[in-house]
Amino acid sequence: PTTLAFVAPWESSRAVANIPREPRDDVVVLLLESVAKGSSLPWHRQKLVLLLSSMQHFAAALEAAGYRVAYRKATSYAEGIAAAAAEFSAAKVVATEGREQDMVDELDRARTLLDADGRSLTLREDRGFLATREEFATWARGRKEHRMEFFYREMRRKHGILMESDGTPSGGQWNFDADNRKPWPKGRAAPEVWRVEPDDITRAQMDRVRTWRNRWGSVETFALPVTRPDAKAWLDRFIAERLPEFGPYEDALVHGAPDLLHSTLSSIINVGLLHPLECVRKAEAAWRAGLVPIASAEGFIRQILGWREYIRGMYWHLMPGLRTANALNATRELPRWFWAPDGEAYDESQATSAACEMRCLADTIRQVRDYGRVHHIARLMVQCNIATLIGVEPAALSRWYWSAFTDAYEWVELPNVVGMGTWGDGGALASKPYVASGAYINRMSNYCGSCRYDVKQRSGPDACPVNVLYWDFLASHQARFGTHPRMRMMFVHVKNIAEPELVQIRAQAAAFRDALDYDSAFAPPAVV
Ligand code: FAD
Ligand code: SF4
Numbered sequence: 002p003t004t005l006a007f008v009a010p011w012e013s014s015r016a017v018a019n020i021p022r023e024p025r026d027d028v029v030v031l032l033l034e035s036v037a038k039g040s041s042l043p044w045h046r047q048k049l050v051l052l053l054s055s056m057q058h059f060a061a062a063l064e065a066a067g068y069r070v071a072y073r074k075a076t077s078y079a080e081g082i083a084a085a086a087a088e089f090s091a092a093k094v095v096a097t098e099g100r101e102q103d104m105v106d107e108l109d110r111a112r113t114l115l116d117a118d119g120r121s122l123t124l125r126e127d128r129g130f131l132a133t134r135e136e137f138a139t140w141a142r143g144r145k146e147h148r149m150e151f152f153y154r155e156m157r158r159k160h161g162i163l164m165e166s167d168g169t170p171s172g173g174q175w176n177f178d179a180d181n182r183k184p185w186p187k188g189r190a191a192p193e194v195w196r197v198e199p200d201d202i203t204r205a206q207m208d209r210v211r212t213w214r215n216r217w218g219s220v221e222t223f224a225l226p227v228t229r230p231d232a233k234a235w236l237d238r239f240i241a242e243r244l245p246e247f248g249p250y251e252d253a254l255v256h257g258a259p260d261l262l263h264s265t266l267s268s269i270i271n272v273g274l275l276h277p278l279e280c281v282r283k284a285e286a287a288w289r290a291g292l293v294p295i296a297s298a299e300g301f302i303r304q305i306l307g308w309r310e311y312i313r314g315m316y317w318h319l320m321p322g323l324r325t326a327n328a329l330n331a332t333r334e335l336p337r338w339f340w341a342p343d344g345e346a347y348d349e350s351q352a353t354s355a356a357c358e359m360r361c362l363a364d365t366i367r368q369v370r371d372y373g374r375v376h377h378i379a380r381l382m383v384q385c386n387i388a389t390l391i392g393v394e395p396a397a398l399s400r401w402y403w404s405a406f407t408d409a410y411e412w413v414e415l416p417n418v419v420g421m422g423t424w425g426d427g428g429a430l431a432s433k434p435y436v437a438s439g440a441y442i443n444r445m446s447n448y449c450g451s452c453r454y455d456v457k458q459r460s461g462p463d464a465c466p467v468n469v470l471y472w473d474f475l476a477s478h479q480a481r482f483g484t485h486p487r488m489r490m491m492f493v494h495v496k497n498i499a500e501p502e503l504v505q506i507r508a509q510a511a512a513f514r515d516a517l518d519y520d521s522a523f524a525p526p527a528v529v
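When you line the sequence shown up against full-length UniProt numbering, it's residues 2 to 529, in that order.
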C-alpha cells in the first residue's frame with residue numbers, strides 16, 4: 002500500500018523533512034500550496050516568494066533524486082492532504098507534528114477527513130529543532146522562572162557544543178554577552194546586503210505574487226537563497242566574513258542597513274533549508290580552528306541553540322493564552338506607519354497618511370517593507386519599544402510581525418513580540434519590559450543626528466517622542482515596576498524630574514498618542 006508523506010512548506014529540504022532517506026516506490030511525497038493559508042494575512046510578498054520558490058525547488062530536487070512527488074494546490078492543508086490520499090489510494094499519511102497551532106488544527110481536521118475514508122495519519126517529531134517539545138516541557142515543569150540562560154546550558158551539554166572534556170564550558174564561561182555592546186564604528190561603511198540572484202523558478206513566483214492584492218512589501222529586491230546549495234553557501238559566507246566580528250556589533254543600528262554583521266539565517270533556517278545544528282557546529286568549528294573569537298562564536302551559537310529553541314518551547318508553554326496576553330492593558334491599534342512609513346497608500350483603495358518623522362522608526366519599517374526583515378535590535382529596541390510606549394495592543398503588533406517578516410511564523414514571532422517585545426505575557430520571558438529612551442537609540446545608532454527631533458530633549462515641541470513616551474510610560478507604570486531591582490535607577494530619574502515638567506511630559510505624551518493615525522479602515526482588509 003502507498004504511504005503519503007506530507008511535507009509542510011517550512012520543511013523545504015531533506016535536512017529537516019520527514020521523508021525516507023532514499024526514494025521508495027511505495028511513498029509519495031506531498032507538497033501543498035494552501036489558498037486559505039496564503040491569504041490568511043497580508044503576507045509580505047517576499048515571504049510568499051521564499052516559501053513558494055523553496056517548495057518548488059525542493060519538489061524538483063526530490064524528483065531529480067528519484068522520489069515520487071505530488072505538488073498540489075488546495076483550498077486548505079486538510080483538504081489537500083485528504084484529496085491527495087484519495088488520489089494515490091494511500092492507506093497511511095505521515096506528517097510532522099504541527100509546528101504552530103494553525104497546522105495542529107489543520108492536521109486534526111485532516112485526521113478526521115482521513116478517518117472517514119478509512120485511512121490513518123501518523124505524526125512524527127519535528128526535525129527542525131534541537132530539543133523536542135517533551136524535553137522543553139520537562140525542563141519547564143516545576144520551575145517558577147523560565148530563563149533562557151539555564152535552558153541554553155542544558156542544550157550546550159546535550160549537544161556537546163562549546164564544551165570541554167571535563168564538562169566545563171569552553172573559554173571558562175557560558176556567556177560572553179558583556180563583550181558585545183558596541184555601536185557601529187564612525188566612518189566605517191555598512192556591509193552590503195547579500196544577494197542570491199533569482200533563477201527562473203523564483204522569477205516565476207515573483208511574477209505570480211507581484212500582482213496579488215492585499216499583500217505587503219516590494220517583491221523586486223527578493224534575493225534570499227531558495228535551494229539547499231545556496232543556503233549552505235550563505236552559511237559558509239557568514240562564518241567566513243561576518244562571524245569574526247558578529248559579537249561586538251550585535252546591538253549596533255545603522256540607517257539603511259537591515260543586517261550589518263548578522264547572519265540573515267533566520268528565514269533560511271525557518272523555511273527548512275538549513276538545519277540549526279549544522280549552523281551551530283560550523284560556528285564552533287571556526288572557533289576551534291582559531292578563525293573567530295570565542296565571544297562571537299558563543300554569541301551566535303547562543304542565538305540558535307539557546308534563543309531559538311527556548312522561544313519555540315515557550316510558545317507551546319504559553320499557548321493558547323499567548324495570543325491574547327496583554328499584561329499592560331495596551332489597547333491602541335497599530336499606527337498606520339507600520340504599513341506606510343512614508344505616508345504612501347497601502348493599495349489603491351486606501352487613503353494616504355502622514356509620513357513618520359521619527360527617523361529610527363521610519364527607517365526600520367522601510368527596511369521591513371523593502372527586504373522583509375531588519376535585525377534583532379531594530380525589532381526589539383526601536384519598533385517594539387516605541388509600540389509598547391505608545392500602548393499598542395500586543396496582538397495587533399504580533400499580526401504585523403507575522404505578516405511582514407520573511408522569517409516569521411507564529412511559533413517564533415508570538416513569544417518574541419508578546420513576550421520579549423511588549424511584556425504582554427506579564428514577565429514569563431523577560432523579567433522587565435524592554436523599554437528605553439531615545440538615549441539608548443542614540444548610543445547604538447546613527448539615527449538621531451539627522452532626525453527632525455532632538456534626542457537630548459524630553460519635553461517641548463522638538464523633544465524626541467521616544468523620550469516623551471518613555472518618561473510617561475515609567476510614570477504611569479510606577480506602581481508595577483517602581484521596585485523592580487533592574488528598573489530602580491530608571492525610577493530614580495523619574496523622581497528627579499521637576500513636577501511641572503513631568504506634568505508637561507504626560508500631557509505631551511497623551512497628545513502624541515491621540516494624534517497618531519490609527520485608522521482601523523487602514524488595517525489590512527480581509528483577504529481574498
Ligand atoms: P542573527 O543575529 O544572525 O542570529 C542567528 C540566529 O539565531 C537567527 O537566524 C535565528 O534563527 C536565531 N535567533 C536569534 N534570536 C532569536 C530569537 N529571539 N528567537 C528565535 N530565534 C532567534 N526571529 C525569527 O526567526 N522569526 C520571527 O518572526 C522573529 N520575530 C521577532 C520579533 C521581535 C519583536 C523580536 C525582538 C525578535 C524576533 N525574532 C524573530 C528574533 C530575531 O530578531 C531574529 O531571529 C533575527 O533578527 C534574525 O536575523 P539573523 O538571522 O540575522 O539573526
Ligand atoms: Fe528616534 Fe528620537 Fe533619535 Fe529621532 S531623535 S531618531 S525619534 S530616538
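Beta carbons are placed, not taken as given, at the ideal position from N, Cα and C, and that holds for glycine.
Predicted, not measured: the structure shown is a model, and the values here were computed from it.
Item                                                                                                                                                                  : Value
Using the Cα positions of ALA405 and ALA397, report the straight-line distance between them to the nearest angstrom.                                                  : 12 Å
I'd like the span of the alpha helix (DSSP H) that includes VAL105, first residue to last.                                                                            : 102-117
What is the DSSP secondary structure of PRO259, counted as helix, strand or coil?                                                                                     : coil
Which residues in the same chain as TRP288 place their Cβ atom closer than 7 Å to its Cβ, once the five residues preceding and following it in sequence are excluded? : ILE295, ALA298
Any heavy atom of the ligand SF4 within a distance shorter than 6 Å of the CB on ILE295?                                                                              : no
Would you list the residues sitting across from MET164 in a DSSP beta bridge?                                                                                         : PRO170
Helix, strand or coil for TYR372? Go by DSSP, reduced to three states.                                                                                                : helix
Quick check: what's the CA-CA separation for PHE301 versus PRO416?                                                                                                    : 20 Å
Pull every residue with its beta-carbon under 6 Å away from any heavy atom of the ligand SF4, and keep them in chain order.                                           : MET359, ARG360, CYS361, GLY439, ILE442, ASN443, TYR448, CYS449, CYS452, TYR454, VAL456, CYS465, PRO466, VAL467
May I have the straight-line CA-CA distance separating ARG337 from ARG514, to the nearest angstrom?                                                                   : 13 Å
Whole-angstrom Cβ separation of LEU225 and VAL197, contact assumed at under 8 Å?                                                                                      : 6 Å
Could you have a look at ARG134 and say whether DSSP puts it in helix, strand or coil?                                                                                : helix
Could you tell me if ALA516 is buried or exposed, where buried requires 16 or more neighbouring beta carbons within 10 angstroms of its beta carbon?                  : exposed
Do TRP308 and the ligand FAD come close, with the Cβ less than 6 Å from some heavy atom?                                                                              : yes
What residue range does the alpha helix (DSSP H) around SER297 cover?                                                                                                 : 295-302
Report the three-state DSSP secondary structure of HIS45 (helix, strand or coil).                                                                                     : strand
Round the Cβ separation of LEU261 and PRO186 to the nearest angstrom and send it over; I've been treating them as touching at under 8 Å.                              : In fact, because the Cβ distance is near 11 Å, the residues do not count as touching under 8 Å.
Tell me whether the beta-carbon of VAL28 lies closer than 7 Å to the beta-carbon of ALA71.                                                                            : no
Under a Cβ-count criterion, where at least 16 other Cβ atoms within 10 Å of its own Cβ denotes burial, should SER438 be classed as buried or exposed?                 : buried
With a threshold of 6 Å, establish whether the CB of PHE513 neighbours any heavy atom of the ligand FAD.                                                              : no
Taking 8 Å as the limit between beta carbons, can you name the residues of its chain near ALA284, skipping five residues before and five after?                       : ILE240, LEU244, VAL293, ALA298, PHE301, ILE302
Spatial neighbours of THR76 within its chain, please: CB distance less than 7 Å, with the 5 preceding and 5 following residues excluded, ordered by chain position.   : VAL36, ALA37
Alpha carbon to alpha carbon, how far is TYR435 from MET488? Give it in angstroms, no decimals.                                                                       : 10 Å
Can you find the residues in the same chain that come closer than 6 Å, C-beta to C-beta, to GLN505, ignoring five residues on each side of it along the sequence?     : SER460
Taking the C-alpha atoms as reference points, what is the distance between ARG148 and LEU430?                                                                         : 7 Å
Look up TRP217 in the DSSP assignment and say whether it is helix, strand or coil.                                                                                    : strand
So what does LYS74 bridge to, in DSSP terms?                                                                                                                          : GLU34
Does the count of Cβ pairs from the stretch 44-62 and the stretch 80-89 closer than 8 Å reach three?                                                                  : no
Give me the Cα-Cα distance between PRO462 and VAL456, rounded to the nearest whole angstrom.                                                                          : 12 Å
Would the beta-carbon of CYS357 be found less than 6 Å away from any heavy atom of the ligand FAD?                                                                    : no
What residue range does the beta strand (DSSP E) around LEU381 cover?                                                                                                 : Unbroken run through LEU381: none, as it is neither H nor E.
With contact counted as at least three CB pairs below 8 Å, one residue from each stretch, are the stretch 261-276 and the stretch 230-237 in contact?                 : yes
Suppose you measure from the CA of GLU34 to the CA of TYR78; what does that come to, to the nearest Å?                                                                : 8 Å
Please indicate yes or no: does the CB of GLN102 lie closer than 6 Å to some heavy atom of the ligand FAD?                                                            : no
Is any non-hydrogen atom of the ligand FAD found closer than 6 Å to the C-beta of VAL413, if you look at the structure I gave you?                                    : yes
Where in the stretch 440-484 do unbroken runs of the alpha helix (DSSP H), each at least 4 residues long, occur, reported from the N-terminal end onward?             : 466-477, 479-482
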